[in-house]
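Visitor:
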Amino acid sequence: MPLPARSSRNLLRRFRRNDRGSAVVEFALIAPLFFGLLFAIIEVSMIFFASQVLETVTQDSARMVMTGQAQGASYTQQQFKDFVCGRVAALFDCTNGVYVDVRSYPNNGFGSINIAPPIDSSQAFNPNMKYCPGSAGDVVVVRLFYQWPLFVTKLGFNTANLANGKRLLTATATFKNEPSGVSGATCS
């Protein structure tokens, strides 16, 4: 039995005036964008925080080379990496993920320094790390690398600079060894 025209108009008017549930519909439309933006902000913040931690560890570790302590103790690459790992916060998987590269250049060698990231043309990380702390007066570059895993990348926000979907974090310290009279260590 069809409703009379008058009661169907009243029903339609009541439906248009009823706004219960509109907040739920609006939230359902906006929530994916809001949470995507929130997670992207958190991820970028974590990348900046991890980069700052890596920079601090690099500066502290480079001081060992600059003052001749690493050369005087005859550190090997693994011993220097263990020293670095002792200063890295729980933020990194140091034993498997942090790469240490120490290269020395002759006195006044600032012009020949190459600090290009070790990423090849296929966007793969090329871990050709060396340990050559140099001798007194040499220019030394200490670099630490870490492949930071990304999570928000799967949602369309991509800050990866490696083909494996990770972000290569790099920290660099460049200095001239102090004239401490420490002879150069062997390079490895």
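Here the working numbering is used: position 19 in the sequence shown is 21, and no number is missing along the way. Backbone N, C-alpha and C fix where the C-beta goes; we use that ideal spot for every residue, glycine too.
#1: For residue 127 versus residue 164, is the C-beta distance shorter than 7 Å?
#2: So what does DSSP say about residue 178, is it helix, strand or coil?
#3: Considering just the uninterrupted stretch of the alpha helix (DSSP H) at residue 34, what are its terminal residues?
#4: Between residue 67 and residue 135, is the Cβ-Cβ spacing less than 7 Å?
#5: Measuring only the C-alpha atoms, how far is residue 38 from residue 154?
#6: Should the region 48-67 be regarded as contacting the region 82-98, the criterion being three or more beta carbon pairs within less than 8 Å?
#7: With three or more C-beta pairs closer than 8 Å as the rule, is the region 173-183 touching the region 134-148?
#8: Please report the distance separating the alpha-carbon of residue 22 from that of residue 41.
#9: Quick check: what's the CA-CA separation for residue 103 versus residue 36?
#10: Helix, strand or coil: how does DSSP classify residue 15 here?
#11: Measuring straight from C-alpha to C-alpha, what distance separates residue 98 and residue 69?
#12: As a quick exercise: from 30, 169 and 112, pick the residue whose alpha carbon is nearest that of residue 120.
#13: Tell me whether residue 140 sits in a helix, a strand or coil according to DSSP, three-state version.
#14: Would you report the Cα separation of residue 55 and residue 100, rounded to the nearest angstrom?
#15: Could you check what DSSP says for residue 95 in three-state terms: helix, strand or coil?
#16: Using the Cα positions of residue 125 and residue 24, report the straight-line distance between them to the nearest angstrom.
#17: Answer with buried or exposed for residue 123, where buried requires no fewer than 16 other C-beta atoms within 10 angstroms of its C-beta.
Guide: Checking against the coordinates, here is how it stands:
#1: yes
#2: strand
#3: 24-68
#4: yes
#5: 8 Å
#6: yes
#7: yes
#8: 30 Å
#9: 41 Å
#10: helix
#11: 28 Å
#12: 169
#13: coil
#14: 12 Å
#15: coil
#16: 47 Å
#17: exposed
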